[in-house]
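Undergrad:
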Amino acid sequence: MSMVQNFPFFSIILAMFSGIASSVLDGKRAKHLSLCVIAVTTGMSAAVLRFCMKTGESYTYMMGHFPAPWGNEIRAGALEGLTATLFGLVMFFSVVGGMEHTAADVEGSKQNLFYIMIDLMLSSLLALIYTNDLFTAYVFVEINTIAGCGLIMIRQKGRSLSAAIRYMIMSQLGSGLFLIGLSLLYDVTGHLLMTPAKEAVAVIEAAGLYAVPMLVIMAVVSVGLAIKSGLYPFHYWIPDTYGYATPTASAILSGLVSKGYIFLLIKIFYRVLGRENVIASEIVNVLFVFGLAGMLMGSVHAILEKDTRRMIAYSSVAQIGYIYMGIGLGTQAGMVAAVFHMFTHSATKALLFISAVGLYEVSGDRKDFRSLRGAGYRNPLAGIGFTVGSLSMVGFPMLSGFISKLLFATSALQSPHKMLPTVIALAISTILNAVYFLRLVITLYSIPETSRGQAASPGKSNWKLQLSVVCFILLNLTLGLYSQPIVEWIGSGLAMFD
Amino acid sequence: MSRQRDDYEKSWWYRFRKWVDGEMDLLDEGMEIRVPDEMLAAMDGEGQDAARHPAENKEHTFSYDGRGIRYFRRFYQVMSVLLCLSIIFVLLWTVAYLPAFGNAGNPDNNEVSARYIERGLQETGAVNIVTGMILDYRAFDTFGESCVLFIASCCVLVLLRIDAADGNEQARKRLEEANDRLFEPKNDVILQKCACVLVPLILVFGIYIVLNGHLSPGGGFSGGAVLGSGLILYLNAFGFGKTERFFTEKVYRRLTLSALTFYCLAKSYSFFTGANHMESGIPLGMPGRILSSGLILPLNICVGLVVACTMYAFYALFRKGGM
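For the record, the sequence lines run as chains A and B.
Heads up, the first sequence is in our numbering, so the first residue is 1 and it goes up one at a time.
Heads up, the second sequence is in our numbering, so the first residue is 1 and it goes up one at a time.
Dropping the structure here:
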């Protein structure tokens, strides 16, 4: 066994250990430790990706001295490595970009607690990506939920407390449904590890046993994880949560946390329940319909919204709808498109949140988007970042959003029954996206009224925010311009899932 | 013909309605529960905006009257009850199709539980198979669970710890308000005498549960909870002055840190050797002895410490916003 194969385990344990150690460090040291750990784990994930692409197969890693059905296990393949690398990059730049605001929003003596949350959030995301065990997944879903609550409420101002309560209730509802699904699954299969559980499910399905429980398991697991990732009818916690948290937390929650749950859902579909069974059970059609509804309704809500950050948050609802629509297509191409859009959205949404903060800084920190008139001139780099993010979300060529829309449209052509609704919803949703994002961009570059312009101070934001905006723009361009190898990696990673 | 009542405000119906609306507490001599306007404004940190652009914030501050809102709320209540009933029905319907409870041929009576039962003692050295499962076969999950406790106590720290050291006027005021130990009866003789008898027993029993986790039912989680409750009883009887002689925030941090660090390092070693097919070299000892079953005993002690500290920390933070 080569050293690289240990890296998934090292990165999870390292992230957990840094969280534990941060409890006795002061805020500054905790911050440096956290940044180091995120960088190191990202490097390790990239090495895992390279290793898996070279060998062309995935591997499982025993957590302890006992093999598969008895002990815990994690698993790494191309898709796991790729997702962990991208998540690590997005997390690093989000922490760097929002650093000054974190220092201002969080009480001085509680800074280290914020970085504990960040570290444990990283560890839980990595564990959700790498896990090969359903109960490990549940434990880290819990850590993820609590860390998410902590990240929201640590800015103890305004509505962030009520937003945290709302998030906690909805998220716990999702966890509860997920846990019910897992217990039912254990009852009918007798396994918690994914590989033996899948074999047991195959035997059950072949014998035609437990048809009702299997259907309920699929429904409950899908709905539970859909609530936690904010699919349309369960999206009411999203605008408050993303709108009132500190910028780093908003970027991480919208860009990464919801994607972690979606990744887990895809993994359970492929590695436990079996893709054919899920498609046969028509659960994917339900996800498809709600995804379409989310694409349209999220954009409509965003158009009606006046607060910039809540507008970006509602746009997340629409983008999560895209991802579920891709899963709901039920084809391999649709799944590739969904995973690619997951990456697109996490890179773009974090860019939007971070650059929006740069624009607020120079506009007197008001929420209304009209106060941002001319902010694009006062803080040029943040303005460019916001424009790039908006164009990517709308689907401008060269940027990552264009590629994911292209992938969605081409994959829709392969499934005849769902082609028409998908293409129509894509077209309408793109127009709606353009309405509110271009309205924002035009506001940024219009001449400010004299009365409001005086209140806003021109100035540059700190170099950390600028650095992170530049890196996010580069990440977006990379995803857009080098999409072909990434799509191939996703395809081969999904093939390794079977 | 009904007589018009002029003492309507004293009638039961009026008070009942007020209580239902949440404006009055019947138990508390009619104290009106209403948040002062200044406090509402202070609570709303984004309130400056609301004041500047009252019209734009309308959707957040609309008043709950009007027929539309009433119908909507009624509809909402009915639908939520219907939704709950339908979920209950679906879950019950599912249970009817599950394998019968306790049947020998059930899917969960497979090779997994067979090996745990037959070879658990030999492979983990723990007489109590449950402890062997959670701290050896599936130790990674248990480490995750300890981290859940750790992060939960961190969240409570974020919410409730008040730092007056910043010299912040508001924080000092909050500290004074939160510090309700000043108003409680001190030196309650009955409580203290009972605590004198009970606390040593509870603590010894908790330590017994933790140390015998691998031999008899119990272990870190349950023993830690017993230890924590003993500490809380001691705190209630004798006050913070006495407990702070041996349990301060510094002690709490050091205990949690060292317990979790030991767990992390020990299990990392075990996972690493296991995955790379090396011998761990940890002796399992003679089953049934206190010093047996390899890492399970120290891990139980770690989990017990984390659980006890977390319970005590929750209580102390809710009591006075610090430790």
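Yeah, the Cβ is synthetic: ideal placement off N, Cα and C, and Gly gets one too.
Ignore the nearest five residues each way along the sequence and tell me which others in A/L193's own chain have a CB closer than 7 Å to its CB.
TA: Taking the first residue of the first sequence as position 1, residue 193 of chain A is located at position 193. These residues qualify, in order along the chain: A68, P69, E73, N132 and D133.
Undergrad: With 16 other CB atoms within 10 Å as the buried threshold, where does B/L92 fall?
TA: Counted from its first residue, the second sequence places residue 92 of chain B at position 92. It is exposed - the Cβ of B/L92 has fewer than 16 other Cβ atoms within 10 Å.
Undergrad: Between the stretch 265-277 of chain B and the stretch 190-202 of chain B, are three or more C-beta pairs nearer than 8 Å?
TA: Cβ pair count under 8 Å is below three, so no.
Undergrad: Going along chain A, which residues have a C-beta under 8 Å from B/N276?
TA: By 1-based counting over the second sequence, the position of residue 276 of chain B is 276. Going along chain A in sequence order, the residues near B/N276 (Cβ under 8 Å) are M1 and N6.
Undergrad: Of the choices A/E205, A/M117 and A/F66, whose alpha-carbon is the least far from that of B/R138?
TA: As a working mapping, residue 138 of chain B is identified with position 138 in the second sequence. Cα-wise, what sits closest to B/R138 is A/F66.
Undergrad: Strictly below 7 Å CB to CB, what residues from chain A border B/L159?
TA: To locate residue 159 of chain B, count along the second sequence from 1; it is residue 159. M153, listed in chain order.
Undergrad: Any idea if A/I94 is buried or exposed, counting beta-carbon neighbours within 10 angstroms, 16 or more meaning buried?
TA: Sequence index remark: in the first sequence, residue 94 of chain A carries index 94 (1-based). A quick correction: the sequence has Ser, not Ile, at residue 94 of chain A. With 16 or more Cβ atoms within 10 Å of its Cβ, A/S94 is classed as buried.
Undergrad: Which residues does DSSP pair with A/T131 in a beta bridge?
TA: Residue mapping note: residue 131 of chain A aligns to position 131 of the first sequence, counting from 1. Per DSSP, A/I74.
Undergrad: At the 9 Å Cβ level, is A/N277 part of the contact set with chain B, yes or no?
TA: Here residue 277 of chain A refers to the residue found at position 277 of the first sequence. It does not: the Cβ of A/N277 has no partner Cβ on chain B nearer than 9 Å.
Undergrad: Identify which residue in A/G401, A/V388 and A/L474 has its Cα closest to the Cα of A/I442.
TA: In the first sequence, counting from the first residue as 1, residue 442 of chain A sits at position 442. A/I442 has its Cα closest to that of A/V388, out of A/G401, A/V388 and A/L474.
Undergrad: Would you report the Cα separation of A/T195 and A/I129, rounded to the nearest angstrom?
TA: Residue 195 of chain A sits at position 195 when you count from the first residue of the first sequence. Residue 129 of chain A sits at position 129 when you count from the first residue of the first sequence. Taking the straight line from one Cα to the other gives about 15 Å.
Undergrad: Give me the Cβ distance between A/S415 and A/G330, rounded to the nearest whole Å; I'm assuming they're in contact under 8 Å.
TA: Residue 415 of chain A sits at position 415 when you count from the first residue of the first sequence. Residue 330 of chain A sits at position 330 when you count from the first residue of the first sequence. About 7 Å; that satisfies the 8 Å criterion.
Undergrad: Taking only beta-carbon positions, decide if B/N236 is within less than 9 Å of chain A.
TA: As a first step, residue 236 of chain B is located in the second sequence; it is residue number 236 there, counting from the start. Not closer than 9 Å to any Cβ of chain A, the Cβ of B/N236 fails to qualify, so no.
Undergrad: So the candidates are B/C309, B/I88 and B/L201; which of them puts its Cα closest to the Cα of B/A152?
TA: Indexing the second sequence from 1 puts residue 152 of chain B at position 152. When only C-alpha atoms are compared, the closest one is B/C309.
Undergrad: Indicate whether the contact test is met: 3 or more Cβ pairs, each with one atom in the stretch 352-369 of chain A and one in the stretch 245-256 of chain A, closer than 8 Å.
TA: Yes: the two stretches touch, three or more of their Cβ pairs being nearer than 8 Å.
Undergrad: Mind listing the chain A neighbours of B/I151? Cutoff is C-beta to C-beta under 8 Å, in chain order.
TA: Here residue 151 of chain B refers to the residue found at position 151 of the second sequence. Simply G19, I116, M117, L120, I143, I146, A147 and G150.
Undergrad: Going by CA-CA distance only, name the one from A/T85, A/A78 and A/L126 that's closest to A/I12.
TA: As a working note, residue 12 of chain A is residue 12 in the first sequence. Answer by Cα proximity: A/L126.
Undergrad: Indicate whether A/L351 and A/S316 have their beta-carbon atoms separated by less than 9 Å.
TA: Here residue 351 of chain A corresponds to residue number 351 of the first sequence, with the count starting at 1. Here residue 316 of chain A corresponds to residue number 316 of the first sequence, with the count starting at 1. In this structure, A/S316 does not lie closer than 9 Å to A/L351 by Cβ.
Undergrad: Need the endpoints of the beta strand (DSSP E) that A/M62 sits in, please.
TA: The residue given as residue 62 of chain A occupies position 62 in the first sequence. Run containing A/M62: Y59 to M63, per the beta strand (DSSP E) assignment.
Undergrad: Strictly by DSSP, which residues pair up with A/L193?
TA: In the first sequence, residue 193 of chain A corresponds to position 193, counting from 1. For A/L193, which the question treats as bridged, DSSP gives the partners A/D133.
Undergrad: Need the endpoints of the alpha helix (DSSP H) that A/I262 sits in, please.
TA: As a working note, residue 262 of chain A is residue 262 in the first sequence. Element bounds for A/I262: S258 to I268.
Undergrad: Quick one: does A/Y360 have its CB under 9 Å from some CB of chain B?
TA: On the first sequence, residue 360 of chain A is found 360 positions in, with the first residue counted as 1. A/Y360 does not count as touching chain B.
Undergrad: Can you list, in chain order, the residues of its chain whose CB lies under 7 Å from that of A/L14, leaving out five sequence neighbours each side?
TA: Translated into positions along the first sequence, residue 14 of chain A becomes position 14. The answer, listed in chain order, is V37, V40 and T41.
Undergrad: Could you tell me which residues DSSP puts in a beta bridge with A/D368?
TA: On the first sequence, position 368 is the one that residue 368 of chain A refers to. Answer is A/D307.
Undergrad: Does A/V317 have its Cβ less than 9 Å from a Cβ in chain B?
TA: For this step, residue 317 of chain A is matched to residue 317 along the first sequence. Not closer than 9 Å to any Cβ of chain B, the Cβ of A/V317 fails to qualify, so no.
Undergrad: DSSP three-state call for B/K320: helix, strand or coil?
TA: Locating residue 320 of chain B in the second sequence gives position 320, counting from the first residue. Three-state result, B/K320: helix.
Undergrad: In whole angstroms, what separates the C-alpha of A/I573 from that of A/L474?
TA: As displayed, chain A neither begins before 1 nor continues past 498, which places residue 573 of chain A out of reach and without an answer.
Undergrad: Would the beta-carbon of B/G228 fall within 9 Å of that of B/V303?
TA: The residue you call residue 228 of chain B lines up with position 228 of the second sequence. The residue you call residue 303 of chain B lines up with position 303 of the second sequence. It is not a contact, given that the beta carbons lie outside the stated cut-off.
Undergrad: Would you tell me roughly how many angstroms separate the C-alpha atoms of A/G190 and A/G88, rounded to the nearest one?
TA: Residue numbering aside, residue 190 of chain A sits at position 190 when the first sequence is read from its first letter. Residue numbering aside, residue 88 of chain A sits at position 88 when the first sequence is read from its first letter. Roughly 35 Å between the two C-alpha positions.
Undergrad: Mind checking if B/F247 is an interface residue toward chain A, Cβ cutoff 9 Å exclusive?
TA: Your numbering for residue 247 of chain B matches position 247 in the second sequence. No, no contact with chain A.
Undergrad: Should the stretch 46-57 of chain A be called in touch with the stretch 90-108 of chain A, which here means at least 3 C-beta pairs below 8 Å?
TA: Contact fails: fewer than three Cβ-Cβ distances are below 8 Å.
Undergrad: Along chain B, which residues have their Cβ under 7 Å away from the Cβ of A/S34?
TA: The residue you call residue 34 of chain A lines up with position 34 of the first sequence. Per Cβ cutoff of 7 Å: no residues; A/S34 is ~14 Å from chain B at best.
Undergrad: With 16 other CB atoms within 10 Å as the buried threshold, where does A/Q5 fall?
TA: The residue you call residue 5 of chain A lines up with position 5 of the first sequence. Buried is the call here.
Undergrad: Less than 9 Å between the C-beta atoms of A/Y244 and A/G158, yes or no?
TA: Walking along the first sequence from the start, residue 244 of chain A turns up at place 244. Walking along the first sequence from the start, residue 158 of chain A turns up at place 158. Yes. Within cutoff.
Undergrad: Taking the C-alpha atoms as reference points, what is the distance between B/F240 and A/L161?
TA: In the second sequence, residue 240 of chain B corresponds to position 240, counting from 1. In the first sequence, residue 161 of chain A corresponds to position 161, counting from 1. Taking the straight line joining both Cα atoms gives about 29 Å.
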